[in-house]
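Worksheet for the structure shown next.
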Amino acid sequence: MAHNRRVSKRQIWLAVVLLSPFAAISLLPLYWMMVSAFKPSAAILNLPPDWLPEQVTLDNFVTLLQSARVLRWTANSLVVASLVAVGNIVFDTMAGYAFARRHSRWHPWLFWMIMAGMMIPEQITMIPLFLMMVNWGWYNHLAALVVPTLATPFGIFLMKQFIESLPEELEAAARIDGASEWHVFWRVIFPLSRPAWAMVGLFHFVGNWNRFLWPLIMTHSDDMRTLPVGLATLQSQYSIDFGLLMAGAAVTALPMILLFFAMQKSFYGGLTAGSLKT
Amino acid sequence: MTIRSSYRRRLQLWSLVFLAPALILFVVMTLIPVAQAVIMAFYSYDPFRGNSIVRPQFVGLDNFATVLRSAGFWQAMKNTLLFSLGVVPLSTALTLTFALLMQPLRRAYQHAFKAAFYLPGVVSDAVIALIWFWIFNPTFGLLNYFLSLLGFGPIYWLADETWALPSIMLMAVVSGWGVSVIIFSAAIDQIPESLYEAAAIEGAGSWRQFRHITWPLMRPAFLFVLVIGTLSSLQVFTPIYLLTRGGPNRATQTAVYLIYETAFEYLQLGRAAAMALILFVLVFTLAFVQFSILRPKLES
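If you read the protein sequences in the order shown, they are chains A and B.
Mapping of the first sequence onto our numbering: residues 418 to 695, in sequence order.
Mapping of the second sequence onto our numbering: residues 51 to 350, in sequence order.
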């Protein structure tokens with residue numbers, strides 16, 4: 418923590434002055450989305466822009482509810498993001514545990530094979546995976562958005578790193594008490610690794626709520642869209658109605674923004690966990 | 051069999067149980083599709099040649115030949131590289147500067163700035179692209195409004211061949227810089243204070259402190275940001291799909307957008323698979339080059 422290093426007041430002012438415009442640029446689009454979503458359609462295109470709405474209205478949201486299946490999209494997004502998060506919490510922790518303890522000499526080998534999978538970009542697998550899902554009858558079905566991502570190399574990596582730091586004596590003690598391996602995992606390892614899997618779950622929840630390309634490919638009916646993809650259909654249908662578009666954008670963005678403010682530490686922790694170990 | 055080895059055997063069996071879901075998913079959803087992608091690249095699924103998704107035809111290296119000879123593919127590759135070359139160095143330089151400027155600030159200010167830079171990153175890139183769709187609008191958008199305040203005429207950001215790609219690059223930089231700010235800040239925070247104190251006692255100024263303490267210790271984070279940034283920028287898709295559909299006149303056609311279009315709009319699955327493989331080789335080579343240039347110096 419490099420704070421007590423002596424810094425002049427001038428240096429601090431300089432930093433704030435230099436950083437503030439960039440921070441403003443960073444936030445402006447989201448601010449613009451939020452204020453515009455609540456503007457009446459008569460005022461939405463005003464230039465110079467109303468930086469604060471003269472009149473606050475829910476009209477855009479009402480139109481959104483009436484003209485788009487936004488509730489259904491929200492439900493789809495919620496189901497997909499939650500199931501993927503839960504799947505990764507369970508499966509990544511299980512795999513991370515097995516890899517951390519290396520009871521077989523094959524484990525390191527398998528681990529690196531899965532890690533190599535992280536290098537494979539989505540556009541390589543998406544075409545064969547699309548055909549596979551079509552053959553399984555999963556096209557335009559939420560299963561296609563959930564099942565392929567129920568365990569990921571990133572989550573397995575984080576869980577392995579974390580569980581390696583847990584002392585093995587805890588498991589040994591449970592085994593001496595006669596606990597089965599299944600119990601050792603669920604009663605000892607799983608509760609102890611909660612900070613790590615909470616982060617894994619959070620990342621998968623946010624990532625799948627926001628995901629665009631794969632749901633775009635795998636769904637075609639209005640009922641099966643997730644929020645970001647449904648939002649994109651609003652653009653092509655009502656390209657001029659910016660108020661409606663911003664209301665849809667706000668509905669998609671706001672849950673993630675709130676989640677971020679509630680769990681800032683976990684967001685940052687997940688980002689740095691991978692980078693500082695290199 | 052001794053008790054010990056039967057115990058080991060039991061542990062091995064159980065670890066297989068724990069691994070099973072992840073391993074099965076990996077094989078079915080990654081390993082097999084990768085193999086299939088390679089095979090598909092040698093088949094034609096062209097609906098106009100009497101082939102289709104259900105009746106592909108083996109065509110040898112035809113797909114690769116067609117792709118490598120098509121001007122559209124090279125245009126897309128060029129755009130993708132330009133996009134990456136514009137976005138990654140600019141974003142890395144800016145975020146490194148932000149992190150260094152933030153370092154002496156009080157915790158509360160640091161938190162506020164970090165949140166400001168990171169917030170666009172927690173939102174779907176579809177949302178970001180749609181907001182910018184409006185900001186870029188030549189008549190009703192904020193960008194041309196600001197320009198008019200400065201006395202400049204309107205720019206047709208997305209409809210102008212010269213401006214379209216730079217516009218999307220601008221959007222990508224200012225909405226995607228959060229991750230690297232966080233990573234750089236965390237790396238700076240990890241540098242022990244005592245190093246700076248020792249350097250100050252020996253009379254090292256702030257440039258030499260940066261050169262000999264901050265920079266060497268931040269190198270791993272720098273490498274990580276560079277590689278991750280390159281990988282993700284070479285795969286840009288969502289803003290292209292929502293803002294320009296590769297236009298005007300292919301000026302924003304990028305590799306992944308072209309793959310998407312070829313596979314899912316023209317249903318040329320084999321050709322798209324060939325493109326994806328070529329792109330993969332390129333991406334992998336670039337990541338490898340970055341690693342081998344920056345990596346050896348890490349140990350020193």
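All residues carry an ideal CB built from backbone N, CA and C; glycine is no exception.
Note that the coordinates shown come from a computational prediction; the quantities given were computed from them, not determined experimentally.
To be precise: take each residue of the segment 298-313 of chain B, compare its Cβ to all Cβ atoms of chain A, and keep it if any distance is under 9 Å. Which residues remain?
305, 306, 309, 310 and 313
Mind listing, in chain order, the continuous alpha helix (DSSP H) runs of no fewer than 4 residues lying wholly within the segment 271-309 of chain B?
none
Evaluate contact between the segment 484-499 of chain A and the segment 634-647 of chain A, counting only Cβ atoms and requiring at least three cross-stretch pairs below 8 Å.
The segment 484-499 of chain A makes contact with the segment 634-647 of chain A: 3 or more CB pairs, one atom from each, lie closer than 8 Å.
Return yes when the Cβ of residue 142/B is within less than 7 Å of the Cβ of residue 275/B, no when it is not.
Mapped onto the second sequence, residue 275/B falls at position 225. Mapped onto the second sequence, residue 142/B falls at position 92. Yes, they are a contact pair.
Could you tell me which of 429/A, 608/A, 454/A and 528/A sits nearest to residue 480/A, measuring between CA atoms?
Along the first sequence, read from residue 1 onward, the residue named residue 480/A stands at position 63. The shortest Cα separation from residue 480/A among 429/A, 608/A, 454/A and 528/A belongs to 454/A.
Can you list, in chain order, the residues of its chain with a C-beta nearer than 7 Å to that of residue 66/B? Leave out the 5 residues immediately preceding and following it.
If you number the second sequence from 1, residue 66/B lands on position 16. Same-chain partners within the cutoff: there are none.
Where residue 189/B falls, given that 16 or more other Cβ within 10 Å makes a residue buried:
Here the question's residue 189/B lines up with position 139 in the second sequence. The residue is exposed, with fewer than 16 neighbouring Cβ atoms inside 10 Å.
Using a 10 Å radius around the Cβ and a threshold of 16 neighbouring Cβ atoms, would you call residue 421/A buried or exposed?
Against the first sequence, residue 421/A aligns to sequence position 4. Because the pLDDT of residue 421/A is 47, which lies under 50, any placement of that residue in the model is unreliable, and the question is left without a value.
For residue 535/A, I'd like the list of residues in its chain whose CB is within less than 6 Å of its CB, leaving aside the five on either flank, ordered along the chain.
Counted from its first residue, the first sequence places residue 535/A at position 118. The answer, listed in chain order, is 570.
Proximity below 7 Å, CB of residue 362/B to CB of residue 145/B:
The structure shown has nothing for residue 362/B, since chain B only spans 51 to 350.
Where does residue 501/A land, buried or exposed, given buried means 16+ other C-beta within 10 angstroms?
For the purposes of this step, residue 501/A is identified with residue 84 of the first sequence, where counting begins at 1. Its Cβ being crowded by 16 or more others within 10 Å, residue 501/A is buried.
Using the beta-carbon count (16 or more within 10 Å), is residue 315/B buried or exposed?
Stepping through the second sequence from its first residue, residue 315/B is reached at position 265. It counts as exposed.
Within 10 angstroms of its Cβ, does residue 639/A collect 16 or more other Cβ (buried), or is it exposed?
On the first sequence, position 222 is the one that residue 639/A refers to. Exposed, because fewer than 16 other Cβ atoms sit within 10 Å of the Cβ of residue 639/A.
Check the Cβ-Cβ distances between residue 534/A and every residue of chain B, and say whether any is below 7 Å.
Residue 534/A sits at position 117 when you count from the first residue of the first sequence. Interface residue, yes.
Local conformation of residue 638/A per DSSP, three classes:
Counting from one through the first sequence, the residue named residue 638/A turns up at place 221. Correct three-state label for residue 638/A: coil.
I'd like the span of the alpha helix (DSSP H) that includes residue 675/A, first residue to last.
On the first sequence, residue 675/A is found 258 positions in, with the first residue counted as 1. Per DSSP, the continuous alpha helix (DSSP H) segment holding residue 675/A begins and ends at 659-679.
By DSSP, does residue 159/B sit in helix, in strand, or in coil?
On the second sequence, position 109 is the one that residue 159/B refers to. Three-state DSSP puts residue 159/B in a helix.
Cutoff 6 Å; reference residue 206/B; Cβ partners in own chain excluding five residues on either side:
The sequence position of residue 206/B within the second sequence is 156, counting from 1. Excluding sequence neighbours, residue 206/B sits near 188.
What span of residues does the alpha helix (DSSP H) with residue 330/B cover, start to end?
Within the second sequence, numbered from 1, the residue matching residue 330/B stands at position 280. Unbroken alpha helix (DSSP H) run through residue 330/B: 319-344.
Any heavy atom of the ligand ADP closer than 6 Å to the CB of residue 196/B?
This structure lacks the ligand ADP; in fact it carries no ligand of any kind.
Within the segment 71-95 of chain B, ranges of the alpha helix (DSSP H) (whole runs, at least 4 residues):
82-90
Residue nearest to residue 588/A in terms of C-alpha spacing, selected from 666/A, 682/A and 609/A:
As a first step, residue 588/A is located in the first sequence; it is residue number 171 there, counting from the start. It is 609/A.
For residue 537/A, which residues in chain B fall below 7 Å Cβ to Cβ?
Along the first sequence, read from residue 1 onward, the residue named residue 537/A stands at position 120. Residues of chain B with a Cβ closer than 7 Å to the Cβ of residue 537/A are, in chain order, 80 and 84.
Helix, strand or coil: how does DSSP classify residue 186/B here?
Locating residue 186/B in the second sequence gives position 136, where the first residue counts as 1. Coil.
In terms of alpha-carbon separation, which member of 430/A, 688/A and 623/A lies closest to residue 175/B?
Counting from one through the second sequence, the residue named residue 175/B turns up at place 125. Measuring from the Cα of residue 175/B, the nearest candidate turns out to be 623/A.
Do we get a CB-CB distance below 7 Å when we pair residue 514/A with the residues of chain B?
By one-based count along the first sequence, residue 514/A stands at place 97. Chain B contact via Cβ: present.
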